[in-house]
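Report on the following structure.
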Amino acid sequence: METLITILSGVLVSVATYLLLSRSLIRVVLGSAILSHAAHLLIMTMGGLKRGSAPILGEETESYTDALPQALILTSIVISFAVTALFLVLAFRTYRETGTDNLYALRGFKDE
């Protein structure tokens, strides 16, 4: 199962890289959101996909699940949501001011 999630994370990174290198500003925003989801999956996979009881001190448990990767992912989800919302507001404002979302036109290059 961990191999499958690692492969899925790699596919998401490659899709995000493709979107980040495109001309459209909204695709760049979507690429950054997909890249953050790939990072979430990678953190979850690195933490290990195992079952066990809660890590409570003082009880005799043989296997327990570490809660740190889940806490890191939850924090990362909140931060990536805020960053994506900020990027969307900036993209919308840029489109309203300039009338285009083409990154080459925003940089002053002529379209070929």
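Going by numbering that gives the first Met the number 0, the sequence shown opens with residue 0, and the numbers climb by one from there.
No residue lacks a Cβ here, since even glycine has one placed at the ideal position from N, Cα and C.
All values reported here derive from a predicted model rather than from experimental measurement.
Member of the options whose CA lies at the smallest distance from the CA of residue i
i     : options                        : result
LEU67 : GLY46, VAL77, HIS36 and LEU87  : GLY46
ALA90 : ILE25, LEU20 and LEU18         : ILE25
GLY30 : ILE55, ARG50, ALA15 and PHE108 : ALA15
VAL77 : TYR103, THR44, ARG50 and HIS39 : HIS39
LEU3  : ARG50, LEU102 and THR44        : THR44
Start-to-end residues for the alpha helix (DSSP H) that takes in residue i
i      : result
ALA38  : 24-46
LEU71  : 67-97
TYR63  : Neither: TYR63 is in no alpha helix (DSSP H) and is coded neither H nor E.
ARG106 : 102-106
SER21  : Unbroken run through SER21: none, as it is neither H nor E.
Length of the line joining the Cα atoms of residue i and residue j
i      : j      : result
GLU96  : THR64  : 50 Å
THR5   : SER13  : 13 Å
VAL28  : PHE86  : 6 Å
LEU105 : THR83  : 20 Å
GLU1   : LEU11  : 15 Å
ILE88  : LYS109 : Strictly speaking, residue 88 in this sequence is Val, with Ile absent from that position. Their backbone Cα atoms lie some 26 Å apart in a straight line.
ARG92  : ILE55  : 49 Å
TYR98  : GLY107 : It is Gly, not Tyr, that sits at residue 98 in the sequence shown. Distance between the alpha carbons of GLY98 and GLY107: 14 Å.
ALA81  : SER21  : 22 Å
Chain-order list of residues whose beta-carbon lies under 8 Å from that of residue i (same chain, five-residue window excluded)
i     : result
ILE42 : PRO68, LEU71, ILE72 and SER75
TYR94 : LEU24 and ASP100
ARG50 : SER62 and THR64
Own chain residues within Cβ distance below 6 Å of residue i, not counting five before or after
i     : result
SER23 : ASP100
LEU48 : MET0 and GLU1
LEU34 : ALA15
LEU18 : ARG26, LEU29 and GLY30
Whole-Å CB distance - residue i paired with residue j, under 8 Å assumed
i     : j     : result
THR32 : SER79 : Residue identity check: residue 32 is Ala in the sequence provided, not Thr. That belief holds up - the Cβ atoms of ALA32 and SER79 are roughly 7 Å apart, short of 8 Å.
7 Å CB neighbourhood of residue i in its chain, flanking five on each side removed
i     : result
ALA37 : SER8, LEU11, VAL12 and ALA15
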